[in-house]
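Accompanying notes for the structure given below.
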Amino acid sequence: MHTLLFAQAKAPGHVALWMFLAFVAATLVVTWWSARRSSGASAYFAAGRRITGWQNGLAIGGDYMSAASFLGIAGMIAFSGYDGFLYSVGFLVAYLTVLLIVAEPLRNIGKFTMADVLAFRMSPRPVRAMASLSTLTVSTFYMIAQMVGAGALVKLLLPGVSYEVAVIGVGVLMIIYVVFGGMLATTWVQIIKAVLLMSGSLLLSILVMSHFGFSFAKFFDAIAHVTYHKDGALVTQNFLQPGLKFGAAVTHGWGPLDVISLGLALVFGTAGLPHILVRFYTVPDARTARSSVVWAMIIIGLFYIMTTFLGFGAATILTPEHIVVGGKPNDNMAAPLLAEALGGELLFAFISAVAFATILAVVAGLTISASTSFAHDFWTNVIHHTREHRPDEEVLVARVTAFVVGAISIFLAIKLQTINVAFLVGLAFAVAASANLPVIVLSIFWKRFNTAGAVAGLAVGLVSSIALIVVSPSVMGTDAKALIQGVPLFPLKNPGLVSIPLGFLAAILGALLTREEPKAEAKFTEFQVRGNTGLGAEKASAH
Amino acid sequence: MSPGENAHWEQIARDPDFRALLLDKAKFVAPATAFFLVYYFALPVLVGYAPRLMETRVLGEVNVAYLFALSQFFMAWIVAGFYVRAALRWDREALRVLEKFGKH
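Residue numbers (this note's numbering), protein chains in the order written: chain R, 1 to 543; chain S, 1001 to 1104.
In structure tokens:
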């Protein structure tokens, strides 16, 4: 018995499991503490608006830096070099749109959701219904990507745990955080995750540099001469050279345009992601919303700079030919395998646990923003004309919705386990950039904007980005792996280049081709005064 | 919304100090947004359409492409820093407007 336990404990998977359980235990304590502390709508949906700037900055980072970033970008750099780093850049620069344009007016005008800002000037019911639909769509795509990723990851890291068990485990935990702990618990899960992710990445970065004797010259020299076996031949490749993944030569000429299209979706989509926007309601005022974006930019920026060490470290120290699982190259495993090579099984376990924590924090954020939008926008404002029949009905509806969202996500993730998830995250950003952002920007800056314009912008942005993805090479193809057989009708994998202008155009034309709306124009004055002075903004709760 | 309530917002909106605040914000936000968008999209455009230029080595093996990508992080932090500095001034201007209308 004793020797059996010992043998099991030696397997790296088991150390990872214990570390993961420690994280789960800590987050459950946080959930229990949050559930005891808070009651009422503003406590449940917005953590009482009493989160501080640095806390919210960390939570935004925890909400934003998904497993796709941590494992995906490290893997992309490990296999394709410099081109993977292009992703890292866009994820940070996107926060300038959030900081300069969206964060402060949103905090000053809204209460719980993105739709609060859109419905302020317009006829609330059609606008909230569309905004809620768009929120649920973005959250669902993003969620399926995270859950399928979680299942696949656990299968690799903990060989004893099946895909289904992993997906159900992640789903049940996120339901517990959100149903019982609301926004306060979600916030602290995200903060803990951000600290773990930053520590794990920093530790790996330091170990990579120590491997090169802390000499940047040696490190970059190695990156420029990565020697490995590729298709049976020994090749030496400069991994700093752009174009290995997106270059015109390897992508039938469409690669450069695809990268620009992706950049548009990132830079305009982040400021339209509902689960990021709701975070600005958790702070006391617009000034704190501003400082929380700055904290988030420091954390997110440092993290994405560190992808240099994680990705190029894996490329040089492991080389792509050794980033394999079960005989097949696996780019999601670059960071964990690098950890194993540099720090043994303990570090492998720690980095694996960080990856789980990363997924859990993101899915909890998605669940609470989806259920808040359904309860606040759809249930209370669209169906019940802003009247709550019983006190705290909105919170109850949100808790039930969180449960349903969780159950549906578990079901879809198990059904879709073989789907290629990379495009789902891109799709979420594209919908956010094409449907949500144009309408948010025009509501803030354009007096003549009206209800018809808002509904048209949301609808066209939503439909065009999804339709273009369906006929793009991400979904259509002539090889056996493609979801739809046939030559792709749209050449780019990222629809933003076309769908974002379409979203803006539909919103502008929708407003210009319909009658002026005196109420929306009169309310614009109030919007400007409130948005720029904070007069009448939602206050933090006394306790 | 009562007509009286709207008149109250109109009154603040017409105040010269409030107009000056809006103008001050627009004077920063518009060029700053244009700048960061141009700076950011220059990266994928140059990498995609001028790969030779971007492969030029500058410092040992480090090439223009990598340095330009890295500079984007500092560009974002610097623009954010300027924004925060300007926003502190706007906070004071907004407070002055609110005080004038007895709202603070």
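All C-beta atoms in this analysis are idealised placements derived from N, C-alpha and C, irrespective of residue type, glycine included. If you're wondering where the values come from, they're calculated on a predicted model, not measured in any experiment.
Buried versus exposed, by CB contacts within 10 Å (16 or more), residue i
i        : result
A94(R)   : buried
E591(R)  : With chain R represented from 1 up to 543, any question about residue 591(R) goes unanswered, as that position is not in the structure.
T1056(S) : exposed
F411(R)  : exposed
P438(R)  : buried
L513(R)  : exposed
A271(R)  : buried
G326(R)  : exposed
K328(R)  : exposed
M1(R)    : In this prediction, M1(R) has a pLDDT of 34, which is less than 50 and means its spatial position is unreliable; nothing more can be read from the coordinates.
Q8(R)    : Below a pLDDT of 50, predicted positions are generally treated as unreliable, and Q8(R), at 38, falls in that range; no measurement from the model is reported.
R387(R)  : exposed
V172(R)  : exposed
A479(R)  : The sequence shown places Asp at residue 479(R), not Ala. By the neighbour-count rule (16 or more Cβ atoms within 10 Å), D479(R) is not buried but exposed.
E340(R)  : buried
S292(R)  : buried
L4(R)    : In this prediction, L4(R) scores a pLDDT of 37, lower than 50, which makes its location untrustworthy; no coordinate-derived value is stated.
F6(R)    : Summary for F6(R): the model assigns pLDDT 36, below 50, so the residue's position carries little reliability; its value from the coordinates is reported in the next sentence. When all chains shown are included, F6(R) counts as exposed.
A265(R)  : buried
V324(R)  : exposed
K1100(S) : exposed
H376(R)  : buried
According to DSSP, residues forming a beta bridge with residue i
i        : result
I484(R)  : M476(R)
K1027(S) : Paired residues: none, contrary to the question.
H229(R)  : L234(R)
P329(R)  : V324(R)
V1062(S) : L1059(S)
Under 8 Å by beta carbon: chain R residues contacting residue i
i        : result
K1025(S) : N532
Contacts of residue i in chain S (Cβ-Cβ under 8 Å)
i       : result
P256(R) : P1044, V1045, V1047, G1048 and Y1049
Y163(R) : In chain order: nothing, as chain S lies at least about 36 Å away.
F85(R)  : Y1066 and A1069
V267(R) : L1037 and Y1040
A224(R) : E1061
I144(R) : Going along chain S, no residue has its Cβ under 8 Å from I144(R), so there is no contact; the nearest lies around 27 Å.
I260(R) : F1041, P1044, V1045 and G1048
V89(R)  : Y1040, L1043, A1069, Q1072 and F1073
Residues that residue i contacts on chain S, provided the C-beta gap is smaller than 7 Å
i       : result
Y82(R)  : A1065 and Y1066
G53(R)  : Under the 7 Å cutoff, chain S gives no residues; its nearest Cβ is about 11 Å from G53(R).
G243(R) : P1051
A217(R) : G1060
I440(R) : By Cβ distance, chain S contributes nothing, its closest Cβ being about 14 Å from I440(R), past 7 Å.
V93(R)  : F1036, Y1040, Q1072 and A1076
R128(R) : In chain order: nothing, as chain S lies at least about 18 Å away.
Partners in chain S for residue i, counting only beta-carbon separations shorter than 9 Å
i       : result
E340(R) : Going along chain S, no residue has its Cβ under 9 Å from E340(R), so there is no contact; the nearest lies around 27 Å.
F79(R)  : Ordered by position in chain S, no residue passes the 9 Å Cβ test against F79(R), which lies about 17 Å from the chain.
F220(R) : L1059, G1060, E1061, V1062 and Y1066
R263(R) : Here residue 263(R) is Gly; the residue named in the question, Arg, does not match the sequence. Per Cβ cutoff of 9 Å: Y1040, F1041, L1043 and P1044.
G247(R) : V1047, G1048 and P1051
Beta carbon proximity, residue i to chain C, threshold 7 Å
i       : result
I500(R) : Reference to chain C is not applicable here, since the protein chains of this structure are R and S.
**OP:** Would you list, in chain order, the members of the segment 1079-1103 of chain S that have their beta-carbon closer than 7 Å to a beta-carbon of chain R?
**Re:** V1079, A1080, Y1083, V1084, A1087, D1091, A1094, V1097, L1098 and K1103
Subject >> chain S contacts made by the segment 201-214 of chain R, where a contact means CB separation under 8 Å >> reply: none
Original post:
Looking at C-beta atoms only, is the number of pairs between the segment 55-74 of chain R and the segment 1033-1052 of chain S that lie closer than 8 Å three or more?
Top reply: no
Original post:
Which residues, in order along the segment 1039-1064 of chain S, keep a beta-carbon less than 7 Å from a beta-carbon of chain R?
Top reply: Y1040, F1041, L1043, P1044, V1045, V1047, G1048, Y1049, P1051, M1054, E1055, G1060, E1061, V1062 and N1063
**OP:** Output, in sequence order along the chain, the residues in the segment 1009-1033 of chain S whose CB is closer than 8 Å to any CB in chain R.
**Re:** W1009, E1010, I1012, A1013, F1018, L1021, L1022, K1025, V1029, A1032 and T1033
**OP:** Please name the residues in the segment 293-313 of chain R whose beta-carbon is closer than 9 Å to at least one beta-carbon of chain S, in chain order.
**Re:** V293, V294, M297, I298, G301, L302, Y304, I305 and T308
**OP:** Would you check if the segment 145-160 of chain R and the segment 485-493 of chain R touch, i.e. whether three or more CB-CB distances between them fall below 8 Å?
**Re:** no
Original post:
Which of the residues in the segment 97-125 of chain R, read from start to end, lie with their CB under 9 Å from any CB of chain S?
Top reply: T97, L99, L100, I101 and E104
Subject >> chain S contacts made by the segment 57-73 of chain R, where a contact means CB separation under 8 Å >> reply: none
Original post:
Taking any Cβ of chain S, which residues in the segment 272-287 of chain R have a Cβ under 7 Å from it, in chain order?
Top reply: R287
**OP:** Compile a chain-ordered list of the residues in the segment 392-413 of chain R whose CB is closer than 8 Å to at least one CB of chain S.
**Re:** none
Original post:
Does the segment 84-99 of chain R come close enough to the segment 348-356 of chain R that 3 or more CB-CB pairs lie under 8 Å?
Top reply: no
**OP:** Take every Cβ of the segment 1009-1028 of chain S, pair it with every Cβ of the segment 230-239 of chain R, and state whether three or more of those distances are shorter than 8 Å.
**Re:** no
Original post:
Does the count of Cβ pairs from the segment 525-537 of chain R and the segment 458-476 of chain R closer than 8 Å reach three?
Top reply: no
Subject >> Near-chain S residues of the segment 502-531 of chain R - C-beta to any C-beta below 7 Å >> reply: A522, T525, E526, Q528 and V529
Original post:
Does the segment 139-150 of chain R come close enough to the segment 374-387 of chain R to have 3 or more Cβ pairs within less than 8 Å?
Top reply: no
Original post:
Any chance the segment 109-124 of chain R sits against the segment 441-461 of chain R, with 3 or more Cβ pairs inside 8 Å?
Top reply: yes
Original post:
Is it true that the segment 1085-1098 of chain S meets the segment 243-253 of chain R, where meeting means three or more beta-carbon pairs spaced less than 8 Å apart?
Top reply: no
Subject >> Touching by the beta-carbon criterion (3+ pairs, under 8 Å), the segment 286-300 of chain R and the segment 1076-1086 of chain S >> reply: yes
**OP:** Check whether the segment 103-111 of chain R touches the segment 273-289 of chain R, taking contact to mean three or more Cβ pairs, one atom from each stretch, closer than 8 Å.
**Re:** yes
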